[in-house]
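The sequence shown begins at 120 in this note's numbering and counts up one residue at a time. Report on one structure; see the data block that follows.
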Amino acid sequence: MGETLAAPGSVSANHHHGDSETMIYIRSGHPEFVFFDGTSEIRVRTEPGDYVFVPPHLPHREENPDPVTPAELVIARSSQEAIVVNLPALYAL
Numbered sequence: 120m121g122e123t124l125a126a127p128g129s130v131s132a133n134h135h136h137g138d139s140e141t142m143i144y145i146r147s148g149h150p151e152f153v154f155f156d157g158t159s160e161i162r163v164r165t166e167p168g169d170y171v172f173v174p175p176h177l178p179h180r181e182e183n184p185d186p187v188t189p190a191e192l193v194i195a196r197s198s199q200e201a202i203v204v205n206l207p208a209l210y211a212l
């Protein structure tokens with residue numbers, strides 16, 4: 120388990136976490152999580168107190184659209200390894 124700050128205006132690379140399940144608690148800010156459902160991108164907008172579950176191997180990215188305020192996240196994974204597999208896109212083109 121660990122904490123991270125998403126800087127204002129930041130966008131992560133498209134990625135997945137291998138075999139790890141990832142649980143994210145939103146402590147502050149309004150980060151957004153972008154997934155692909157097989158036909159289109161799905162954007163999940165969050166607020167403090169929300170919880171996001173990311174299943175193993177699910178391509179996604181995190182964004183903090185706020186131009187001023189960082190987002191504070193608490194992250195827990197089902198593995199002790201911090202697996203991040205960067206991808207060129209959320210889905211095959």
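We put the beta carbon where it would ideally sit given N, CA and C, even for glycine.
(message) Out of A126, E122 and M142, which one is the CA nearest neighbour of S76?
(response) Nothing about residue 76 can be read from this structure; the chain reaches only from 120 to 212.
(message) Considering just the uninterrupted stretch of the beta strand (DSSP E) at I202, what are its terminal residues?
(response) What you label residue 202 is simply residue 83 of the sequence shown in a count that begins at 1. Unbroken run through I202: none, as it is neither H nor E.
(message) My output table needs one value for T279: the three-state DSSP class, helix, strand or coil.
(response) In the structure as shown, the chain begins at 120 and stops at 212. Residue 279 is therefore absent and cannot be evaluated.
(request) To the nearest angstrom, report how far apart V163 and F152 are at their CA atoms. (result) Taking the sequence shown and counting its residues from 1, the one referred to as residue 163 is at position 44. Taking the sequence shown and counting its residues from 1, the one referred to as residue 152 is at position 33. F152 has its alpha-carbon roughly 5 Å from the corresponding atom of V163.
(message) Less than 8 Å between the beta carbons of S147 and P127, yes or no?
(response) Counting from one through the sequence shown, the residue named residue 147 turns up at place 28. Counting from one through the sequence shown, the residue named residue 127 turns up at place 8. Their beta carbons are not under 8 Å apart, which means S147 does not touch P127 by this criterion.
(request) Out of I194, S129 and I202, point me to the one whose CA is closest to M120's CA. (result) If you number the sequence shown from 1, residue 120 lands on position 1. Each of I194, S129 and I202 was checked against the Cα of M120, and the nearest Cα belongs to I194.
(request) Can you tell me which of the three DSSP states H135 falls into? (result) Looking up residue 135 in the sequence shown gives position 16. It is a strand residue.
(request) Just the C-alpha distance for D138 and T165, rounded to the nearest angstrom, thanks. (result) Position 19 of the sequence shown, counted from the first residue, corresponds to residue 138. Position 46 of the sequence shown, counted from the first residue, corresponds to residue 165. Cα to Cα, the separation comes out at about 24 Å.
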